[in-house]
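Here the structure comes first, spelled out in structure tokens, and everything after it is commentary.
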Amino acid sequence: MMSFYPFQLLLDDPDHPTAIWSATWNSTIKRWPLPSNTQLSIGDGQIDEDFGHLSLNALHRTPDVITPGATSIKHAGVLNDKRHVITKDSDDCIGLYDVLAGRKVSRTILIITKFPVLQTTM
18 MMSFYPFQLL
28 LDDPDHPTAI
38 WSATWNSTIK
48 RWPLPSNTQL
58 SIGDGQIDED
68 FGHLSLNALH
78 RTPDVITPGA
88 TSIKHAGVLN
98 DKRHVITKDS
108 DDCIGLYDVL
118 AGRKVSRTIL
128 IITKFPVLQT
138 TM
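Residue numbers (my numbering): 18 to 139.
Right under this line is the structure:
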């Protein structure tokens with residue numbers, strides 16, 4: 018069954034979970050530790066009931082492990098020659114790809130100042 022939620026959860030041990038792993042659309046993966054006395058069950062709306070006996074201090078508000086994700090392409094367009102594709106990623110870098118060669122031709126960093134400046138790195 019396909020999930021339409023913008024995140025995915027993974028329990029490290031389904032019988033006695035010690036942490037919940039989560040991933041969101043920004044491609045960062047986080048591990049949230051659970052208190053040792055937590056009994057967690059997924060489905061049937063039981064998650065709220067299971068945490069009802071815990072104080073807010075017992076729940077972790079920050080993850081203990083964060084794995085940053087890679088940059089992702091946010092915009093893309095095919096140039097008039099139909100051979101090259103230009104992209105803009107989540108770090109505001111511009112990439113130029115040669116479709117026939119199957120490789121990146123150049124990567125340009127867009128420096129935001131009073132007057133935009135382009136700096137080619139490849």
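The beta-carbon is built from N, C-alpha and C at its ideal position, and this holds for glycine as well.
- Message: Give me, in chain order, the residues of the same chain whose beta-carbon lies closer than 7 Å to that of Ser107; leave out the 5 immediate sequence neighbours on both sides.
- Response: Stepping through the sequence shown from its first residue, residue 107 is reached at position 90. Within the same chain, Ser107 has close Cβ partners Thr88, Ser89, Lys91.
- Kindly list the residues whose CB is nearer than 6 Å to the CB of Thr84, restricted to its own chain and excluding five residues on each side of it in sequence; keep chain order. Taking the first residue of the sequence shown as 1, we reach residue 84 at position 67. Within the same chain, Thr84 has close Cβ partners Ile46.
- Message: Going by DSSP, what residue range makes up the beta strand (DSSP E) through Leu113?
- Response: Locating residue 113 in the sequence shown gives position 96, counting from the first residue. Unbroken beta strand (DSSP E) run through Leu113: 110-115.
- Answer yes or no: do Tyr114 and Lys121 have a C-beta to C-beta separation smaller than 8 Å? Here the question's residue 114 lines up with position 97 in the sequence shown. Here the question's residue 121 lines up with position 104 in the sequence shown. Yes. Within cutoff.
- Task: Helix, strand or coil for Thr8, going by three-state DSSP, please let me know.
- Result: Since the first residue of the chain shown is 18 and the last is 139, residue 8 is not available in this structure.
- Item | Leu96 burial status per 10 Å Cβ neighbour count (16 or more: buried) | The sequence position of residue 96 within the sequence shown is 79, counting from 1. It counts as exposed.
- Item | Distance, Val116 Cα to Val102 Cα | On the sequence shown, position 85 is the one that residue 102 refers to. On the sequence shown, position 99 is the one that residue 116 refers to. If I take the Cα positions, the gap works out to 7 Å.
- Verify the CB distance criterion: does Ser44 have a CB-CB separation below 8 Å to chain D? Among the protein chains of the structure shown there is no chain D, as only one such chain exists.
- Item | Extent of the continuous beta strand (DSSP E) run through Arg48 | By one-based count along the sequence shown, residue 48 stands at place 31. Arg48 -> beta strand (DSSP E) spans 46-50.
- Task: Would you check if the distance between the CB atom of Ala36 and the CB atom of Arg48 is smaller than 8 Å?
- Result: For this step, residue 36 is matched to residue 19 along the sequence shown. For this step, residue 48 is matched to residue 31 along the sequence shown. Yes, the Cβ-Cβ distance between Ala36 and Arg48 is below 8 Å.
- Message: For Arg100 and Gly94, what's the separation of their Cα atoms in angstroms?
- Response: By 1-based counting over the sequence shown, the position of residue 100 is 83. By 1-based counting over the sequence shown, the position of residue 94 is 77. Spanning the two alpha carbons is a distance of roughly 11 Å.
- Query: To the nearest angstrom, how far is it from the Cα of Trp42 to the Cα of Asp98?
  - Reply: Translated into the one-based positions of the sequence shown, residue 42 becomes position 25. Translated into the one-based positions of the sequence shown, residue 98 becomes position 81. About 32 Å.
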